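Asker: Under my numbering, think of the first position of the sequence shown as 12, with each following residue one higher. Sharing a structure below in structure tokens format, with a few things to ask.
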Amino acid sequence: MPEEKKKSNFIRQIIDADVAAGRNDGRVATRFPPEPNGYLHIGHAKSICLNFGIAEDYPNATCNLRFDDTNPAKEEQEFVEAIKQDVHWLGYDWGERLFFASDYFEQLYDFAVQLIEKKKAYVCDQSPEEMREYRGTLTEPGRDSPYRERSVEENLDLFARMRAGEFADGSRTLRARIDMASPNLNLRDPAIYRIRRGLKHHQTGESWCIFPMYDFTHCLSDMLEGITHSLCTLEFEDHRPLYDWYLDTLETPCHPRQIEFSRLNLEYTVVSKRKLTQLVEQGVVAGWDDPRMPTIAGLRRRGVTPAAIREFADRIGVTKADNLVEMGQLENCIRDDLNQNAPRVMGVLQPLKVTLENYPEDQEEWLEAANHPQRESMGKRQIPFARELWIDRDDFLEVAPNKKFKRLVAGGEVRLRNAYVIRCDEVIKNADGEIVELRCHYDEATLGANPEGRKIKGVIHWVSARHAVPAEVRLYDRLFNHPTPDNARDGSDFIDHVNPDSLRIIEQAMLESGLADAEPGAAFQFEREGYFCRDPEPDRLVFNRTITLRDTWARIEKAGGKK
Ligand code: ATP
Ligand code: MG
């Protein structure tokens with residue numbers, strides 16, 4: 012796909028203006044800050060493309076990959092590694108700019124001490140329930156905690172002892188001292204540190220038993236890394252005053268600018284790590300990389316390319332408007348990319364045997380087939396032709412149901428793609444009346460030529476039975492059968508909307524022999540069937556359907572089998 016100039020958006024316009032005004036000496040620095048508590052999904056891809064895309068397009072701009080790892084209860088090294096792999100696979104490189112918020116624990120602790128010294132933070136002994144009760148509501152102001160007026164000395168002592176592990180989980184917190192009557196609930200003395208003893212952190216081990224909260228950690232991590240534009244999703248808009256309050260109160264040398272944009276919501280799926288975790292843990296899917304998952308790992312295994320995902324991110328753009336993107340938009344990007352780049356092959360998903368009675372048994376020939384109908388540069392391959400073939404069951408009916416049916420019928424003719432015209436002379440059935448074989452004749456004069464005196468309208472795909480390789484083919488469909496499974500507005504749970512037919516397994520399809528050597532992940536168009544890719548499962552030939560074809564074949568059929 013040709014790299015087009017990326018579309019501008021309101022964030023790029025803000026950055027343009029900041030650069031023009033000489034803010035941050037014209038420097039642009041962004042970051043992508045995942046929490047390693049699950050695998051990345053297509054929503055994260057939007058954020059990755061936005062942040063790393065800016066770093067690609069502005070002179071000397073940078074984008075950090077920063078793990079926002081302040082909650083060891085849910086975070087794991089497995090997720091750290093998976094996230095790195097996914098960002099790389101999408102085509103982005105953070106170079107040396109890999110960071111962990113946990114690298115700043117010591118500095119963050121010092122900032123907290125500074126807040127205490129400035130009388131802007133205090134140790135509070137309220138229980139979580141009391142804190143909630145004192146917090147007030149959107150319509151009622153909160154009440155001050157009885158611990159709010161503790162002296163600086165007492166606060167410093169208690170905070171040091173929190174760190175030393177003297178107090179039980181939940182018994183104390185360090186809180187910012189802002190305004191319990193603020194109309195913004197986030198400013199009603201939010202927690203800065205909480206106690207979580209006995210947890211093993213994947214980066215810091217057991218050296219800490221107090222952990223900083225997201226809002227405090229995030230703005231200071233941004234500041235420490237010299238981030239200029241901190242891009243996050245809209246739910247953080249109400250947190251921006253707190254982001255700014257920490258930086259202003261601590262009088263930090265630089266002050267990154269937080270800008271919010273709308274999350275990607277995609278029809279017929281869920282984009283929330285919590286819900287995706289549930290699908291994995293309940294065994295609804297085979298794992299994080301199940302090809303039905305909207306995770307980057309799932310999309311990769313499904314055969315979706317990084318180029319298609321980047322194109323999708325570009326087409327949906329970046330705005331502040333809440334929206335639900337049609338699955339068709341993603342599917343179009345996937346198709347456009349595969350249509351351009353996937354070599355064509357033939358694979359028969361529901362094999363029905365054809366015997367060419369006038370083709371000598373000991374003969375075989377290798378016919379030339381183009382790997383791509385429009386791109387000569389993709390070359391040609393040789394495909395074997397012999398007396399016994401497989402065609403798809405759907406390509407034969409004893410009697411045509413209507414005039415539109417251009418495939419093979421008893422007594423009728425059809426063209427075999429890249430090969431000859433055949434005529435069906437006899438239909439063999441088993442005792443149950445099932446069709447098990449077609450006896451046909453081929454017309455030797457029709458290789459690359461129209462037959463004399465008659466027009467053949469249909470073209471079907473086939474493989475030589477002797478040369479074909481059997482393979483398992485997995486036909487995937489949408490994972491949910493409701494456009495907004497987690498917001499169905501009828502009180503149902505998203506799991507209730509899982510599509511029971513999202514996976515159909517064909518145990519033995521028959522494929523062109525060359526596919527035996529396909530690399531894991533390699534993408535193909537199985538002509539007339541769709542786009543497929545080789546599953547990474549070792550020692551076995553398995554193909555996943557990435558996506559169905561647009562109905563291009565109908566057009567080709569209409570044109571009498573000629574492109
Ligand atoms: P989830 O709710 O799925 O856990 P999250 O926002 O908690 O998502 P993080 O790991 O904190 O996940 O996200 C890393 C970055 O990706 C954040 O900047 C976040 O705003 C962004 N992001 C997450 N989900 C989406 C989405 N659906 N659309 C756009 N950006 C997203
Ligand atoms: Mg999060």
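Just so you know, even glycine gets a beta-carbon here, dropped at the ideal spot from N, CA and C. A quick note: this is a predicted structure, and the numbers were derived from the prediction, not measured.
#1: Just verifying my parser: in three-state terms, what is the DSSP assignment at TRP401?
#2: In chain order, what residues of the same chain lie with their CB nearer than 6 Å to the CB of PHE111, ignoring the 5 residues before and after it?
#3: Which residue comes first and which comes last in the alpha helix (DSSP H) that contains TYR254?
#4: Using a Cβ-Cβ distance cut-off of 8 Å, determine whether GLN118 contacts chain C.
#5: Are PRO47 and GLU107 touching if we call contact CB-CB under 8 Å?
#6: Are ARG188 and TYR133 touching if we call contact CB-CB under 8 Å?
#7: Please report how far the alpha carbon of ARG556 lies from the alpha carbon of THR288, in whole angstroms.
#8: So if I measure from each beta-carbon to every heavy atom of ligand 1 and keep distances below 5 Å, which residues remain?
#9: Shortest alpha-carbon distance to CYS265 belongs to which of ILE320, ASN35, LEU490 and CYS60?
#10: Would you report the Cα separation of ASP436 and ASP405, rounded to the nearest angstrom?
#11: By DSSP, does SER524 sit in helix, in strand, or in coil?
#12: How big is the Cα-Cα spacing for PRO139 and MET173?
#13: How many Å lie between PRO317 and ARG311 at the Cα?
#14: Let me make sure I understand the geometry here. Which of ALA380, ASN276, PRO302 and GLY339 has the alpha-carbon closest to that of ALA332?
#15: Contact check, ILE471 vs ILE402 under 8 Å by CB: the rounded distance?
#16: Just the Cα atoms here: how many angstroms apart are GLU337 and THR559?
#17: Give me the DSSP bridge partner(s) of GLU387.
#18: Alpha carbon to alpha carbon, how far is ASN62 from CYS74?
#19: Could you please give the first and the last residue of the uninterrupted alpha helix (DSSP H) stretch that includes ASP27?
#20: Looking at THR260 and LYS129, is the spacing between their C-beta atoms short of 8 Å?
#21: At the level of alpha carbons, what is the spacing between THR228 and ASN498?
#22: What residues are listed by DSSP as bridge partners for THR184?
#23: Tell me whether SER138, by its Cβ, gets closer than 7 Å to a heavy atom of ligand 4.
#24: Leaving out five residues on either side along the sequence, give the residues of the same chain with a beta carbon under 7 Å from the beta carbon of ALA353.
#25: With DSSP run on the structure shown, which of helix, strand or coil describes PRO547?
#26: Can you tell me which of the three DSSP states HIS52 falls into?
#27: Thinking C-beta only, is ARG485 closer than 8 Å to ASN510?
Answerer: Result, derived from the coordinates:
#1: strand
#2: PHE78, ASP80 and GLN214
#3: 251-260
#4: Chain labels in this structure do not include chain C; a single protein chain is all it has.
#5: no
#6: yes
#7: 24 Å
#8: PRO45, GLU46, GLY54, HIS55, LYS57, SER58, CYS243, THR244, ARG274, LEU275, VAL282, SER283 and LYS284
#9: ASN35
#10: 18 Å
#11: helix
#12: 16 Å
#13: 8 Å
#14: ASN276
#15: 6 Å
#16: 16 Å
#17: In the DSSP output, where bridge partners are listed per residue, GLU387 has none listed.
#18: 6 Å
#19: 21-31
#20: yes
#21: 31 Å
#22: CYS135 and ARG205
#23: Because ligand 4 does not appear in the structure shown, any question about it cannot be addressed here, the ligands present being ligand 1 and ligand 2.
#24: ALA534, PHE535, GLN536 and TYR542
#25: coil
#26: strand
#27: no
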